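> The sequence shown runs 123 to 556 under this note's numbering. Can you read through this structure? Questions will come right after.
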Amino acid sequence: MMQNHRSVFLSVILFSVLAGLVMPPRPAAASTIEERIGRLESELAELKELLKQQQQAQAEHSTGETSAEEAETNDFRAELYGFARLDASYDTGALQTGNIALWACAGGNDDGKWNISANASRLGLKLHGPDTKTMKLSGRVELDFLGGGAENQSNPRLRHAYATLSWPKHGLSLLAGQTWDLHSALIPPVSDPALLWGAGNTGMRHPQLRITRKFDLQENGRLEGAIALARAIGENNDAAESYNTDPGEDADLPVLQARLAYIKPLQSGQQLTIGVSGHYGEEEWDITPTGQSIDVPSWSCIAELGIPLSRTLALQGELFTGTNLDDHAGGIFQGVSTNGSTAREIRSSGGWGAFVWQATAHTRLSFGGGIDNPRDGDLADGDRCENRALFTALRTALTPHLVLGAQVAHWKTRYLGGDDAGVLRTQSSLSYLF
Numbered sequence: 123m124m125q126n127h128r129s130v131f132l133s134v135i136l137f138s139v140l141a142g143l144v145m146p147p148r149p150a151a152a153s154t155i156e157e158r159i160g161r162l163e164s165e166l167a168e169l170k171e172l173l174k175q176q177q178q179a180q181a182e183h184s185t186g187e188t189s190a191e192e193a194e195t196n197d198f199r200a201e202l203y204g205f206a207r208l209d210a211s212y213d214t215g216a217l218q219t220g221n222i223a224l225w226a227c228a229g230g231n232d233d234g235k236w237n238i239s240a241n242a243s244r245l246g247l248k249l250h251g252p253d254t255k256t257m258k259l260s261g262r263v264e265l266d267f268l269g270g271g272a273e274n275q276s277n278p279r280l281r282h283a284y285a286t287l288s289w290p291k292h293g294l295s296l297l298a299g300q301t302w303d304l305h306s307a308l309i310p311p312v313s314d315p316a317l318l319w320g321a322g323n324t325g326m327r328h329p330q331l332r333i334t335r336k337f338d339l340q341e342n343g344r345l346e347g348a349i350a351l352a353r354a355i356g357e358n359n360d361a362a363e364s365y366n367t368d369p370g371e372d373a374d375l376p377v378l379q380a381r382l383a384y385i386k387p388l389q390s391g392q393q394l395t396i397g398v399s400g401h402y403g404e405e406e407w408d409i410t411p412t413g414q415s416i417d418v419p420s421w422s423c424i425a426e427l428g429i430p431l432s433r434t435l436a437l438q439g440e441l442f443t444g445t446n447l448d449d450h451a452g453g454i455f456q457g458v459s460t461n462g463s464t465a466r467e468i469r470s471s472g473g474w475g476a477f478v479w480q481a482t483a484h485t486r487l488s489f490g491g492g493i494d495n496p497r498d499g500d501l502a503d504g505d506r507c508e509n510r511a512l513f514t515a516l517r518t519a520l521t522p523h524l525v526l527g528a529q530v531a532h533w534k535t536r537y538l539g540g541d542d543a544g545v546l547r548t549q550s551s552l553s554y555l556f
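Okay, structure coming up:
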């Protein structure tokens, strides 16, 4: 009997469970469903409004004060570079200045000298960015230690300090600061830091504002035109006994520099360069203590040529003519001849040329020479009237960061009304690049 009651009880429970699974759930109240639908519609409307506001903000940003064309696209970067360099040389006679070679000194043919110096070492920073979508920003600051002072406590010398703004799409660039002169752009392949200055190579470094425009031509060639306004630096004015000043600073106008060049990369990896360049400026020489002055012009015209002769051999060189070129390393660093209350510019012509042989991927040999020939009629007795140099130079990379240089050069300098001076110079250098 007890067992029958238990069976009936279990049957009732099982029936109740099955009935709960099979029967549909009790429908929710209509008001609850409508509330849920209302909340969903409200949230969807809020999301649509937020998306609309975000799109409007993006549109205003693209057309506002900082447009997409002006937005910076990367960060500022600075790259340290330079080299530690030791130069050693032996001269059979006296050279100006000793650590570098400019001309043979009068009366010093038998005055042999040793020079050992680290002053040509350099330290610099290459600056990059931040750029925009249309403009690239770069710059450079570079020093060496050829600024004078004791040999073991030499003074730093500013070589380069400039910023460059370039618009590659238009082939246009603007440079502001100190760097190489625009004219006489080729650099002789020599080991001496003086680069044949005073012996056929003109052009120094000056503060300037420069604009360059590049025009792409057919067959990968291009035409480059550039103009610059540069600072004039004159020699000390000793025409007036009690009134000395810098005639370049005293000038009314800056120096105008210009260059036009055709450049074409070749399949051999070398480059064809044909160019003309020059400058015009003035110096104001005060010839009396009361301010009476004379304007002395300074100008140059230079032809430039770099032409590959084979895959490994090239010819490079420049020819120049001009007046008052001491500020540009011409006229054997003689620009103005003064005599009492007069100041007259010194005219000069010359040039340099060299064969450059890339013997291996790491070794370069060069053979060449240069000459600077001021006009005798513009000089006084004892002035330098001709300066010549013949050289053979070697540059080889022992490793990617260690470079050995060597050079043998003969210098001959003539003096108006005096004896010639000749010096044989042998020199070498070892540079650790970083």
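Just so you know, even glycine gets a beta-carbon here, dropped at the ideal spot from N, CA and C. Only a predicted model underlies this, so the values are computations on that prediction, with no experimental measurement involved.
#1: Taking only three categories from DSSP, how would you classify G475?
#2: Just to confirm, are P315 and S488 a CB contact at a threshold of 8 angstroms?
#3: L318 bridges to which residues according to DSSP?
#4: My parser needs the beta strand (DSSP E) runs of 3 or more residues fully inside the stretch 208-249; what are they?
#5: According to DSSP, is G186 helix, strand or coil?
#6: DSSP three-state label for G204, please.
#7: Please state whether the Cβ-Cβ distance between G370 and I349 is less than 8 angstroms.
#8: Measuring only the C-alpha atoms, how far is R262 from L331?
#9: Based on Cα-Cα distance, which residue from S551, F556, L555 lies nearest to I222?
#10: Any contact between the stretch 433-443 and the stretch 401-416? By contact I mean 3 or more CB pairs, one from each, below 8 angstroms.
#11: Out of K258, L259, F267, point me to the one whose CA is closest to F205's CA.
#12: From the DSSP output, in three-state form, read off K255 for me.
#13: Does the Cβ-Cβ distance between L217 and A228 come in under 8 angstroms?
#14: Measuring from the CB of F477, is there a heavy atom of the ligand NAP at a distance below 7 angstroms?
#15: Contact check, T324 vs S306 under 8 angstroms by CB: the rounded distance?
#16: Contact defined as beta carbons within less than 8 angstroms: I believe E426 pairs with T445. What is the distance between those atoms, to the nearest angstrom?
#17: What's the C-alpha gap between A321 and I454?
#18: Alpha carbon to alpha carbon, how far is T299 from G403?
#19: Starting from the Cα of L351, find the closest Cα among T301, D368, L345 and give me that residue.
#20: Grab me the residues of C507's own chain with a C-beta within less than 7 angstroms of its C-beta, minus the 5 sequence neighbours each way, in chain order.
#21: Report the three-state DSSP secondary structure of E163 (helix, strand or coil).
#22: Does DSSP put G428 in a helix, in a strand, or in coil?
#23: Under the DSSP definition of a beta bridge, which residues are partnered with S399?
#24: With 16 other CB atoms within 10 Å as the buried threshold, where does Y203 fall?
#25: Closest to G473 by C-alpha separation, out of R199, P411, R353, A511, would be which residue?
#26: So K258 and S288 are in contact, right, with Cβ under 8 angstroms, and what is the actual spacing, rounded?
#27: Give the range of the beta strand (DSSP E) segment to which V312 is assigned.
#28: Which two residues bound the contiguous beta strand (DSSP E) that contains R433?
#29: Let me confirm a value: P430 is counted as buried when at least 16 other C-beta atoms fall within 10 Å, else exposed. Which label applies?
#30: Whose C-beta lies closer than 6 angstroms to the C-beta of N237 among residues of the same chain, with five residues either side of it excluded?
#31: How is E264 classed by DSSP in three states: helix, strand or coil?
#32: Leaving out five residues on either side along the sequence, give the residues of the same chain with a beta carbon under 6 angstroms from the beta carbon of G234.
#33: Need the endpoints of the beta strand (DSSP E) that T412 sits in, please.
#34: Are the Cβ atoms of V525 and R517 separated by less than 8 angstroms?
#35: With a Cβ-Cβ cutoff of 8 angstroms, do A543 and N231 count as a contact?
#36: Let me confirm a value: E191 is counted as buried when at least 16 other C-beta atoms fall within 10 Å, else exposed. Which label applies?
On the basis of the coordinates in this document:
#1: strand
#2: The criterion of a C-beta distance shorter than 8 angstroms is not satisfied by P315 and S488.
#3: DSSP output for L318 lists no bridge partner at all.
#4: 217-219, 223-226, 235-239
#5: Interpretation of G186 is limited by its pLDDT of 47, a score under 50 that renders its predicted location unreliable; the figure taken from the coordinates is listed afterwards. Correct three-state label for G186: coil.
#6: strand
#7: No. Outside cutoff.
#8: Each residue's CA atom was taken as its position, placing R262 and L331 some 15 angstroms apart.
#9: S551
#10: no
#11: F267
#12: Note: K255 maps to coil in three-state DSSP.
#13: no
#14: Absent from the structure shown: the ligand NAP. Ligands present: none.
#15: 5 angstroms
#16: The Cβ separation is near 20 angstroms, so there is no contact.
#17: 7 angstroms
#18: The amino acid at residue 299 is misidentified as Thr; the sequence shows Gly. So the alpha carbons of these two residues sit roughly 19 angstroms apart.
#19: T301
#20: A distance below 7 angstroms between beta-carbons, with the five flanking residues on each side excluded, links C507 to the following residues of its chain, in chain order: P496, D498, L501, R536, Y537, L538.
#21: helix
#22: G428: strand per DSSP, three-state reduction.
#23: R381, I424
#24: That one is exposed.
#25: A511
#26: The pair is a contact, with the Cβ atoms about 5 angstroms apart (cut-off 8 angstroms).
#27: Element bounds for V312: n/a, residue is neither H nor E.
#28: Run containing R433: none; DSSP gives neither H nor E here.
#29: buried
#30: Shown here for N237: same chain residues with a beta carbon closer than 6 angstroms to its own, the five before and five after excluded, namely S211, G220, N221 in chain order.
#31: The three-state secondary structure of E264, taken from DSSP, is strand.
#32: If we look at G234 and ignore the five residues flanking it on each side, its Cβ neighbours are T214.
#33: Segment: none, T412 is in no beta strand (DSSP E) and carries neither H nor E.
#34: Cβ atoms of V525 and R517: closer than 8 angstroms.
#35: For the pair A543 and N231, the CB atoms are nearer than the 8 angstroms cut-off.
#36: Confidence is the limiting factor: at E191 the pLDDT is only 48, short of 50, which leaves the residue's position unreliable and the question unanswerable from this model.
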